[in-house]
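Residue numbers (my numbering): 214 to 531. Ideal placement from N, C-alpha and C gives every residue a C-beta, glycine not left out. This report refers to the structure that appears directly beneath it.
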Amino acid sequence: MSDKPFVILGKEVKKGERAFLELDVAKLHTRSSLKISIIVERAKQDGPTLLLMGGVHGDEVNGVAIVRDIIRKKYNKPTKGTVICIPVLNVFGYLNQTREFPDGRDLNRVFPGSSSGSLASQFAHRFTKDIAPLVDYVIDFHAGGSARENFPNVRGDLGNEKMFELAKVFGAPFILHSRCIAKSLRETLTKMGKTVILYEGGKSKHLDQFIISHGVNGALNIMTYLGMRDDAPTSSVHPVIIKKSKWIRAPFSGMFQPLVANGSKVAKKTLLGRITDPYGEFEKKVFAPLDGHIFNVNMAAIVNKGDALFHISVEIFE
Numbered sequence: 214m215s216d217k218p219f220v221i222l223g224k225e226v227k228k229g230e231r232a233f234l235e236l237d238v239a240k241l242h243t244r245s246s247l248k249i250s251i252i253v254e255r256a257k258q259d260g261p262t263l264l265l266m267g268g269v270h271g272d273e274v275n276g277v278a279i280v281r282d283i284i285r286k287k288y289n290k291p292t293k294g295t296v297i298c299i300p301v302l303n304v305f306g307y308l309n310q311t312r313e314f315p316d317g318r319d320l321n322r323v324f325p326g327s328s329s330g331s332l333a334s335q336f337a338h339r340f341t342k343d344i345a346p347l348v349d350y351v352i353d354f355h356a357g358g359s360a361r362e363n364f365p366n367v368r369g370d371l372g373n374e375k376m377f378e379l380a381k382v383f384g385a386p387f388i389l390h391s392r393c394i395a396k397s398l399r400e401t402l403t404k405m406g407k408t409v410i411l412y413e414g415g416k417s418k419h420l421d422q423f424i425i426s427h428g429v430n431g432a433l434n435i436m437t438y439l440g441m442r443d444d445a446p447t448s449s450v451h452p453v454i455i456k457k458s459k460w461i462r463a464p465f466s467g468m469f470q471p472l473v474a475n476g477s478k479v480a481k482k483t484l485l486g487r488i489t490d491p492y493g494e495f496e497k498k499v500f501a502p503l504d505g506h507i508f509n510v511n512m513a514a515i516v517n518k519g520d521a522l523f524h525i526s527v528e529i530f531e
């Protein structure tokens, strides 16, 4: 196994070598080529292959910044094994600061893709065929959609022992039980026998150094645990492990003001926020329906009835 060549996108990366590769996606309407940048660092000693990736959703820039920082600080240079970095998977969305591909599809809902499907599906197929088989472990960096801000948390199926162990090693304040979503990247990789965790932090279109630092440190913890680096683990935390959660939704439309800090533990009937009208005649308070931990807060100034306001734990591992 140690003598088997490591070939990615037709290029052999020898032990101790670095490679900067590009995966052709498509041509823009201007006929300019659009390519995905892939940075490979292979150690002189054998070990596992770890994929670090951001920008599956093009507007989730914290994930892009995490992988970028890992590369800039040369943390992706392992002493054993191979690290593959893809800072921006959905370049289309990143260019336009949108979640989706130009065909309107969510890339994370079309895996494993098809060679003759939509643009997003064709790209998913290319990734599944050319990149996914080469890796053993994956950390997929995400952020909250729209104005919903995630406190740093790791997500995965707690029934998967290898995944659960990596989630604890990562060191985020929260671990959230989350089964694979149909046609997601995580589902496809899991079916291929890969161990995948998702890191969620911050919100779309917003860079947050607190979130980025948690993501970088978590990746270092994983690499150290896998024997790929010789770093000492970053400061340990005792994560809150959430088995079940629910969204607290807006009972009315109006201007929204959250009144609790993201990441807080709250008691039942705690005042979480208020919804008002612009005329000073209407004010409705939002209370916690149970004891729990808040790990996602909607930061939108205006909300509509039924909008998700707070994500709260319902059941946790003690």
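Can you check whether the CB of G493 is closer than 8 Å to the CB of Q470?
no
State the Cα-Cα distance for the pair G406 and V450, rounded to the nearest angstrom.
G406 and V450 have their C-alpha atoms roughly 28 Å apart.
Kindly indicate which residue of G229, D216 and D237 has the alpha-carbon position closest to the one of G223.
Among G229, D216 and D237, the Cα nearest to that of G223 belongs to D237.
Out of I424, D444 and R281, state which residue places its alpha-carbon closest to the alpha-carbon of G476.
I424
Touching or not, the stretch 398 to 412 and the stretch 348 to 356, by the rule of three or more beta carbon pairs under 8 Å?
Contact between the stretch 398 to 412 and the stretch 348 to 356 is present: 3 or more CB-CB pairs across the two stretches fall below 8 Å.
Okay, do the stretch 299 to 317 and the stretch 431 to 451 touch, 3+ Cβ pairs below 8 Å being the bar?
no
Go to Q258, then tell me how far its beta strand (DSSP E) extends in each direction, as first and last residue.
From DSSP, the beta strand (DSSP E) with Q258 extends over Q258 to M266.
What do you reckon, are the CB atoms on P502 and I529 nearer than 8 Å?
no
Report the partner residues of Q470 according to the DSSP bridge assignment.
R487.
Can you list, in chain order, the stretches of the alpha helix (DSSP H) that have 4 or more residues and sit fully within the stretch 304 to 390?
304 to 309, 332 to 343 and 374 to 383
Measuring CB to CB, does S417 end up less than 8 Å from I525?
no
Let me confirm a value: V220 is counted as buried when at least 16 other C-beta atoms fall within 10 Å, else exposed. Which label applies?
exposed
First and last residue of the alpha helix (DSSP H) that includes R244?
Run containing R244: none; DSSP gives neither H nor E here.
Can you check whether the CB of S250 is closer than 8 Å to the CB of P300?
yes
Could you check what DSSP says for N430 in three-state terms: helix, strand or coil?
helix
Residue span of the beta strand (DSSP E) that contains G462, given as start and end:
Looking at the sequence provided, one finds Arg at residue 462 rather than Gly. That run of the beta strand (DSSP E) goes V453 to R462.
Which term fits A337, buried or exposed, when burial requires 16 or more other beta carbons within 10 angstroms of its beta carbon?
buried
Under the rule that 16 or more other beta-carbon atoms within 10 Å means buried, what is D490, buried or exposed?
exposed
Classify R255 as helix, strand or coil using the three-state DSSP reduction.
strand
Counting only the same chain and skipping the five closest in sequence on each side, list residues whose C-beta sits under 6 Å from that of L263.
V296 and Y350
Relative to the C-alpha of A395, which candidate in L302, K404 and L389 has its C-alpha closest?
K404
Distance, Cα to Cα, Q258 vs D216?
11 Å
Taking 8 Å as the threshold (C-beta atoms), are L420 and A278 in contact?
Yes; because the gap between Cβ atoms is below 8 Å, this pair is in contact.
Which term fits R285, buried or exposed, when burial requires 16 or more other beta carbons within 10 angstroms of its beta carbon?
By the Cβ neighbour-count rule, R285 is exposed, with fewer than 16 other Cβ atoms within 10 Å of its own.
I think T341 touches G330, with their Cβ atoms under 8 Å apart; what is that distance to the nearest whole Å?
In fact, because the Cβ distance is near 12 Å, the residues do not count as touching under 8 Å.
Does R244 pass the burial test, meaning 16 or more other C-beta atoms within 10 Å, or should it be called exposed?
exposed
Rounded straight-line distance, which links the Cα of V280 to that of F465
39 Å
For G372, count the other beta carbons within 10 Å of its own beta carbon; 16 or more makes it buried, fewer makes it exposed. Which is it?
exposed
Would you mind sorting F324 into buried or exposed? The rule is 16 or more other CB atoms within 10 Å of its CB.
buried
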